[in-house]
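Scroll down for the structure; my scribbles are underneath it.
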């Protein structure tokens with residue numbers, strides 16, 4: 007969000023800058039210790055959705071859409087003020103009351119210890135501990151006072167200068183990052199599709215040559231042809247791997263969808279996802295995204311009961327939708343399950359009869 011805000015200020019996009027600034031302020035309070043509540047998360051997600059809408063309009067028209075987003079900005083600012091007030095009250099309640107020592111008793115004992123209670127930090131203040139830690143963590147070299155050392159014996163050799171491994175390590179990290187970046191490149195999807203098509207043609211040609219070799223029983227031709235067949239198979243497998251993507255890419259939007267449905271339906275829903283690293287062909291992933299989303303929506307809407315219904319049935323208040331993917335017998339199994347009411351066979355039968363899908367016979 008900070009990057010978006012700074013870029014908008016540079017490019018002259020006031021609407022986007024104002025909304026990003028309000029969102030960044032609230033998230034900054036979360037970082038400073040303000041409790042994160044469900045309402046705040048919903049508001050942040052709504053702000054992100056609005057930012058996406060503005061960016062989509064900007065991309066389509068090459069101009070920032072009109073509007074001021076005052077509704078969201080007011081809510082963000084109100085939540086910041088409310089959170090700061092709550093933090094101040096909580097800080098005052100947590101401050102222990104320490105009774106000051108009696109002056110007369112101190113005079114009798116011969117000592118007087120003055121204690122100063124720490125007050126809670128006001129907005130914008132930084133504690134000395136935080137300031138000291140910031141100075142310790144900075145990379146700026148600061149001249150330190152000369153250490154007090156005992157005189158060394160005359161025979162002692164001068165101490166070697168202290169090395170600074172921190173800077174060397176940082177340089178090594180940069181070099182390592184460059185190596186990792188150099189090991190991968192971005193390839194256009196159309197290029198991969200064309201490569202896959204050419205490999206498929208090569209496989210067909212190989213199969214034709216193998217069939218000709220079997221019919222003619224040409225022994226001299228058989229050995230190089232077998233080598234060509236092996237290389238073609240390896241090439242096909244390698245190209246197929248470049249098209250494979252983890253199924254988690256198709257699941258990315260599901261947690262947000264389930265969260266929104268939970269609020270709309272008044273249900274407590276938890277989404278569990280297992281096997282997100284299971285790989286599928288990119289084209290298959292594109293085909294199953296919408297059906298997966300539809301089935302998860304059905305589980306939340308029709309499969310899981312309301313909180314009151316679950317309590318009446320002796321279940322926990324929170325329902326669970328479990329999404330898993332795994333390999334089995336050369337196939338990839340995708341399973342969607344929930345701990346709701348199950349399938350009502352009578353209602354399914356009546357609906358099928360009503361739509362003319364089946365008959366009484």
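In the working numbering, the protein residues as written are 7 to 367.
Cβ atoms here follow ideal geometry from the backbone N, Cα and C, with glycine treated the same way.
- Secondary structure at residue 235: helix, using DSSP grouped into helix, strand and coil.
- Residue 291 has its alpha-carbon roughly 34 Å from the corresponding atom of residue 316.
- When rounded, the separation of the alpha-carbon atoms in residue 240 and residue 298 is 33 Å.
- Rounded to the nearest angstrom, the gap between the Cα atoms of residue 27 and residue 11 is 6 Å.
- Only residues of its own chain outside the window of five on either side were considered, and among them 277 have a CB closer than 7 Å to the CB of residue 261, listed in chain order.
- Between the stretch 21-40 and the stretch 72-92 there are three or more C-beta pairs closer than 8 Å, enough to call the two in contact.
- The bridge partners DSSP lists for residue 344 are 327.
- Proximity to residue 234 across 45, 347, 323 and 205 peaks at 205, based on C-alpha coordinates.
- Residue 254 is positioned such that its CB atom lies no closer than 7 Å to that of residue 332.
- In this structure, the straight-line span from the alpha carbon of residue 35 to that of residue 86 is close to 7 Å.
- The shortest CA-to-CA distance from residue 287 to any of 189, 337, 52 and 228 is the one to 337.
- With fewer than 16 neighbouring CB atoms inside 10 Å of its own CB, residue 259 falls in the exposed class.
- The DSSP-derived three-state label of residue 252 is strand.
- Shown here, residue 77 sits in a helix according to DSSP, grouped into three states.
- Ranking 284, 339, 268 and 215 by CA distance to the CA of residue 303 puts 268 first.
- Separation of residue 306 and residue 327 (C-alpha to C-alpha, rounded to the nearest whole angstrom) is 8 Å.
- Of all alpha-carbon atoms in 219, 329 and 78, the one lying nearest the alpha-carbon of residue 256 is that of 329.
- Within the model, the alpha-carbon separation for residue 62 versus residue 242 is close to 38 Å.
- With contacts defined as CB atoms closer than 7 Å, residue 310 and residue 344 qualify as a contacting pair.
- Nearest to residue 58 by C-alpha distance, out of 25, 217 and 225, is 25.
- Looking from the CA of residue 354, the closest CA among 318, 308, 313 and 193 belongs to 308.
- With a beta-carbon spacing of about 6 Å, residue 313 and residue 274 fall inside the 8 Å limit used to define contacts.
- The DSSP-derived three-state label of residue 277 is strand.
- Note: residue 339 is bridge-paired with 332 in the DSSP secondary-structure output.
- Only residues of its own chain outside the window of five on either side were considered, and among them 331 have a CB closer than 6 Å to the CB of residue 340, listed in chain order.
- When rounded, the separation of the alpha-carbon atoms in residue 222 and residue 230 is 15 Å.
- Residue 39 and residue 31 have their C-alpha atoms roughly 13 Å apart.
- Nearest Cα to residue 29 within the set 203, 52 and 44: 52.
- 7 Å or more divides the Cβ of residue 296 from the Cβ of residue 252.
- About 6 Å separates the beta carbons of residue 238 and residue 209, which is inside the 8 Å limit, making them a contact pair.
- Non-local beta-carbon contacts of residue 81 in its own chain, meaning distances under 6 Å to residues more than five positions away in sequence, involve 49 in chain order.
- Annotated as distal: residue 320 and residue 346, with beta-carbon spacing of 7 Å or more.
- In the structure shown, residue 287 falls within a strand segment according to DSSP collapsed to helix, strand and coil.
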